[in-house]
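Trainee:
Residue numbers (this note's numbering): 5 to 287.
1. Leaving aside the five residues before and after residue 132 along the sequence, list all residues of the same chain whose C-beta is less than 7 Å from its C-beta, in chain order.
2. Near residue 25, which residues of its chain fall below 7 Å by C-beta distance, leaving aside the five closest residues on each side in sequence?
3. Could you check if residue 48 is buried or exposed, using at least 16 other CB atoms within 10 Å of its CB as the buried criterion?
4. Taking only beta-carbon positions, decide if residue 8 is within less than 9 Å of chain D.
5. Mind checking residue 37: buried by the 16 CB within 10 Å criterion, or exposed?
6. Do residue 146 and residue 22 have their C-beta atoms closer together than 9 Å?
7. With 16 other CB atoms within 10 Å as the buried threshold, where does residue 179 fall?
8. Report back the beta-carbon spacing between residue 174 and residue 11 to the nearest angstrom; my notes put them in contact at under 8 Å.
9. Cβ of residue 102 within 9 Å of Cβ of residue 117?
10. Taking the straight line between their C-alpha atoms, what separation do you get for residue 150 and residue 43?
11. Tell me which residue opens and which closes the beta strand (DSSP E) that residue 89 is part of.
12. Within 10 angstroms of the Cβ of residue 269, are there 16 or more other Cβ atoms? Answer buried if so, exposed if not.
Pasting the structure below:
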């Protein structure tokens, strides 16, 4: 195979790679926008449930049926990426988690890659589950996570729950945030919007328990969607850099192909001249 043919074959492979990178970049952008569109509604829902809890507080003395003790073993829920091509996204999250968690605390990791990374760092997760890849899959993951958390709370294994995730920032980049989930602190919900206790049909304790359950679900779901947005923002940036690198390599290969093609033409001309001279001498 000639040098020119080898270069052209390499150009074909790099062109296919550029198409794949472009498709992954577009997919990451689409899923980033999907998560960003979902976030305002989720925040509004969490705020509405928080206001409902504050409005019903006069009906009960505390929140019965839910953890109210702020002490005890911590369960830290860490949201990582399920799929790759996200740069140092998982590494930064894991470093932040391991720096802030005590040896006796429980580490619950969402994301297969994050769970693998945790084991590699010598701190295997106490529970793992695949992270949602898209927003429609978030409720199912939150339900699985909630069941595990409530099981551990009911068994006295943990007394507090926090969630750690990456929040995407406008203009690029992300910050790692850690938010309390359980027990729910009524003082953090703000004042209620009603001057009198609301009309209700459920017993106050049952009503509070259901509202707190919905609030916990909303907090966890918002954290997962924030993580999805940040994950896809990181993937978009990684694919953007990969696209630039592949495009630059293609430009270099194109220049090499032109030089190789010119060299072949020059060699052919030299062969023609040499052949013509040989025929002239022979004549």
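Just so you know, even glycine gets a beta-carbon here, dropped at the ideal spot from N, CA and C.
Mentor: Taking the geometry as given:
1. Excluding five sequence positions before and after residue 132, the CB atoms of its chain that fall closer than 7 Å to its own CB belong to 113 and 119, given in chain order.
2. 243, 246, 247 and 250
3. exposed
4. Among the chains in the structure shown there is no chain D, since it carries only a single protein chain.
5. exposed
6. Against a cut-off of 9 Å, the Cβ pair of residue 22 and residue 146 comes out as no contact.
7. exposed
8. Actually they do not touch by this definition, with Cβ atoms about 43 Å apart.
9. no
10. 20 Å
11. Note, residue 89: premise wrong, no beta strand (DSSP E); not H, not E.
12. exposed
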